[in-house]
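Just below is one structure, and these are the notes that go with it.
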Amino acid sequence: MNYNEHFLLNTATAKQYVIDKTSIFPNTKAEDLESVELSDGNINYVYRVFNKNKSVIVKQSDNKIRTSGRALDVGRSQIEFKILSIERQLAGDVIPEVYDYDKNMSVIIMEDISAYKNLRSELARGKTFSELADEVSDFLVASLLSTTDLILDRHQKKQRVKEFVNIELCDITEDLVLTEPYYNYKGRNIFDPSLKSFVEQNLYSNSELKANVGMLRNNFMNNAQALLHGDLHSGSIFVNHEGIKVIDPEFAFYGPMGYDIGNVIGNLIFPYIIHLEKCLADGLPEDSFTRWIEKTIASIFDLTFIKMEARFDEMVSFPLYRERKFKNQYLASVAADSLGFAGTEVIRRTIGDSKVSEINAIDDDQVRNSVSRVLVKSGINLVLNRNDYTKGSQIVQDLYDITADEVLGGVLIG
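The numbering of the sequence shown is full-length UniProt numbering, which starts it at 1 and goes up by one.
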């Protein structure tokens, strides 16, 4: 086959491609391999190619969005390849190993992480992972701080900023996350009609909130602080009791560190509030899962900034940056950004057109609408009060109080 020009692979041609382009399966014919499609997104095709001895993942970028046919630049696969390489150097085995990258075909062949499970799905099943907060905070600190020009040579950092300009995928974030939930100019927001007045009052007509989201949006677009994963939700983290794997960094660009940190925290808020609301509505104490994820949310926030301060002290050498006041204000601004972006993530995943599966899985309309109100209120609180939090326990206490006010206020009682 001719791989000099881009064409879409399928389960059959993916096997031949791996044979032709790599030595991963020596002395093996394509017909002796098996291949299954794993694609669950809208812009990529993913295949697992394997035999009884070895397994790899073949990920190919398409040149259009499957559902709409909108054109996309396949060059995003090169961005993904570059950041996978950089993040593996910084964070080690948390990042899958890349075996091959083909620019013409926009294909990355990488380590199969089938031994790890999708974190979002595992949390939906009520699974707990005792080391998750420690592992996630390790990754965040290792991958983010070292890519700033506090540590990285400033000329190299500027070169990287140029290399990681990611116009199309940043445009998606700027619209879906940081514009449309508050200014529905494309008419893509989706929520139950009974929530219309709630959304109008709390989002569309909330001037204070919109001004604060505008500040976060401007920060996202103009603060080239660190090399971000760019889409670090719980579906991009895979987990087992041995550790985590982080995948799918195709939204990577240079932006504010708080965006990645906030994405992680924001996506853990969904299972927490859903489980907490059920416990409260049933008149039961918090179950073990709810207590664990409450502690995990708080610990990710706390540990990230404890470790980031230690890494800062260890690795930052420029005298002006080593001044205590500079360090304290720098880290405080990242913490505030993190909570603000956690809030925008919660809001957009609740009323936008890219809802999380946790909400869609709620069959009861009354319960789903109640959860949606709690989530939106929680997101608003994080955006507006992002500068006021210093401890993770304060964050989860407010999440608890907002949920309890909704449930015990009579919405679900009886």
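Positions of the beta carbon are idealized from the N, C-alpha and C atoms, including for glycine.
Counting C-beta atoms within 10 angstroms of its own C-beta, V36 has fewer than 16 neighbours from the protein chains shown and is therefore classed as exposed. In the structure shown, the three-state DSSP call for K127 is coil. The C-beta distance from N219 to D337 rounds to 6 Å, short enough to meet the 8 Å contact threshold. Under the DSSP assignment, I237 falls in the beta strand (DSSP E) whose first and last residues are 237-240. Per DSSP, reduced to three states, the secondary structure at M257 is helical.
When rounded, the separation of the alpha-carbon atoms in S207 and I380 is 12 Å. Comparing alpha carbon positions, the residue from V199, A252, Y183, V161 closest to E80 is A252. Taking C-beta atoms as the reference points, T147 and L227 count as a pair closer than 7 Å. For I244, no alpha helix (DSSP H) segment is defined; the enclosing uninterrupted segment is the beta strand (DSSP E) at 243-246. The distance from the Cβ of T304 to that of V141 is about 6 Å, consistent with a contact at the 8 Å cut-off.
Counting only the Cα atoms, M215 lies some 26 Å from R324. In its chain, beyond the 5 residues on either side, F50 have a beta carbon closer than 6 Å to the beta carbon of E34.
Within the DSSP secondary-structure output, K117 pairs in a beta bridge with V239. Each residue's CA atom was taken as its position, placing N2 and L9 some 12 Å apart. With respect to the 7 Å criterion, P249 and H229 are classified as neighbours on the basis of their beta carbons. Note that the C-beta distance between I19 and A30 is below 7 Å. E358 and V346 have their C-alpha atoms roughly 12 Å apart.
Put simply, the stretch 277-285 does not touch the stretch 123-135. Fewer than three CB pairs are less than 8 Å apart.
For A115, the closest of E242, S143, G92, V46 by C-alpha to C-alpha distance is E242.
Membership of F251 in any beta strand (DSSP E) is not indicated, and neither H nor E is assigned to it by DSSP. If you look at Q366, you'll find it isn't in any beta strand (DSSP E); it sits in the alpha helix (DSSP H) that goes 365-384. Scanning Q397, F7, D401, D32 for the CA closest to the CA of Y45 turns up F7. Spatial neighbours of S236 in its own chain (CB-CB distance under 8 Å, excluding positions within 5 residues in sequence) are listed in chain order as H229, V246, I247, D248, P249.
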